[in-house]
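Engineer: Below you will find the structure I want to go over with you.
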Amino acid sequence: MFRQEDQVRLAAAGAIINLTIAERQFKQNKPCFYQESSSQASSSQVHEGPPVISNDLFKELSGLLQRCLYQQAKVKEVVYRGLLKLVLVDPLTAGEVFDFLLPHFLKFYKEDGQLDIVQCVKTDNGKICVVEPLDDLLSCVSWILLLQPQAKSDVRSDSWASFGFSLTQDTEVIIKFVRI
1 MFRQEDQVRL AAAGAIINLT IAERQFKQNK PCFYQESSSQ ASSSQVHEGP PVISNDLFKE
61 LSGLLQRCLY QQAKVKEVVY RGLLKLVLVD PLTAGEVFDF LLPHFLKFYK EDGQLDIVQC
121 VKTDNGKICV VEPLDDLLSC VSWILLLQPQ AKSDVRSDSW ASFGFSLTQD TEVIIKFVRI
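Next comes the structure, spelled out in structure tokens:
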């Protein structure tokens with residue numbers, strides 16, 4: 001996955017995200033095992049008890065996604081956009097995704113509320129290179145905060161204020177527009 005070629009890294013990051021999104025979509029569209037009628041299977045074939053469900057793929061692949069956050073800026077962009085798509089597909093994942101991104105975000109967020117932009121760029125042979133696509137990271141984090149279900153969120157509401165985010169009537173309209 002983490003070969004030298006940029007295209008391989010981009011494809012791998014995209015594949016991890018796409019697998020995670022596909023798994024969430026599958027879980028949402030899959031009929032429950034108890035919805036099948038008994039005429040479809042004999043009583044000896046009907047599964048008794050709850051089905052065994054493994055941890056979700058996001059949790060299982062979070063280590064690989066974490067490694068993606070130490071790759072080139074283009075790989076990080078793919079991850080940030082993909083994580084936002086994941087939250088759009090399943091808003092209940094907002095807390096998990098936020099918890100995943102928070103330690104990375106805090107590397108660039110100072111206690112005084114300023115962003116440490118100096119860490120986001122480097123010079124290489126006289127050229128300025130973007131190391132961290134901070135605009136994509138900020139966009140991802142802010143949209144995740146906006147899209148999370150308010151009543152069922154694992155993210156504490158005071159975390160919004162600590163980063164200068166707050167819901168206003170304008171942002172509530174945006175949320176309604178995005179969900180349509």
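Residues 1 to 180 in this note's numbering are what the sequence shown spells out, letter by letter. All residues carry an ideal CB built from backbone N, CA and C; glycine is no exception.
1. How close, in whole Å, do the beta carbons of Ile144 and Leu84 come, if the pair is a contact with beta carbons under 8 Å?
2. Can you find the residues in the same chain that come closer than 8 Å, C-beta to C-beta, to Gln72, ignoring five residues on each side of it along the sequence?
3. DSSP three-state call for Val121: helix, strand or coil?
4. Using the DSSP secondary-structure output, state which residues sit across from Tyr109 in a beta bridge.
5. On the DSSP letters alone, give me the boundaries of the beta strand (DSSP E) that Val130 sits inside.
6. If we call anything under 8 Å between Cβ atoms a contact, is Leu115 one with Leu134?
7. Does the distance from the C-beta atom of Val118 to that of Cys129 stay below 8 Å?
8. Could you check the C-alpha separation between Ala22 and Gln66 for me, to the nearest Å?
9. Using a threshold of 8 Å, state whether the C-beta atoms of Gly82 and Gln148 are closer than that.
10. Whose CA, out of Asp90, Ile17 and Val89, lies closest to the CA of Glu60?
11. Hey, out of Leu137, Leu146, Ala12 and Gln4, whose CA is closest to Glu77's CA?
12. Given a cut-off of 8 Å on the beta-carbon distance, is the pair Val75 and Ala13 in contact?
13. Whole angstroms is fine: what's the gap from Val97's alpha carbon to Asn125's?
14. Quick check: what's the CA-CA separation for Phe58 versus Leu64?
15. Quick check on Gln71: does DSSP put it in helix, strand or coil?
16. Going by C-alpha distance, which of Pro103, Leu86 and Ser62 is nearest Gln25?
17. Over what stretch of residues does the alpha helix (DSSP H) that includes Glu23 continue unbroken?
18. What did DSSP end up calling Pro149 once you bin it into helix, strand or coil?
Structural biologist: In this structure, then:
1. Indeed, because the Cβ distance is near 7 Å, the residues count as touching under 8 Å.
2. Cβ within range, chain order: Asp6 and Arg9.
3. Secondary structure of Val121 (DSSP, three-state): strand.
4. Leu115, per the DSSP bridge assignment.
5. Segment Lys127 to Val130, the beta strand (DSSP E) holding Val130.
6. Result yes, Cβ atoms of Leu115 and Leu134 sit closer than 8 Å.
7. It is not a contact, given that the beta carbons lie outside the stated cut-off.
8. So the alpha carbons of these two residues sit roughly 19 Å apart.
9. The Cβ atoms of Gly82 and Gln148 lie no closer than 8 Å to each other.
10. Nearest to Glu60 by alpha-carbon distance, out of Asp90, Ile17 and Val89, is Ile17.
11. Comparing alpha carbon positions, the residue from Leu137, Leu146, Ala12 and Gln4 closest to Glu77 is Leu137.
12. Yes; because the gap between Cβ atoms is below 8 Å, this pair is in contact.
13. Asn125 has its alpha-carbon roughly 36 Å from the corresponding atom of Val97.
14. Each residue's CA atom was taken as its position, placing Phe58 and Leu64 some 10 Å apart.
15. DSSP places Gln71 outside both helix and strand once states are collapsed to three, so it counts as coil.
16. Nearest C-alpha to Gln25: Leu86.
17. Counting along the chain, the alpha helix (DSSP H) containing Glu23 begins and ends at Asp6 to Asn29.
18. Pro149 carries a coil assignment under DSSP once its states are collapsed to helix, strand and coil.
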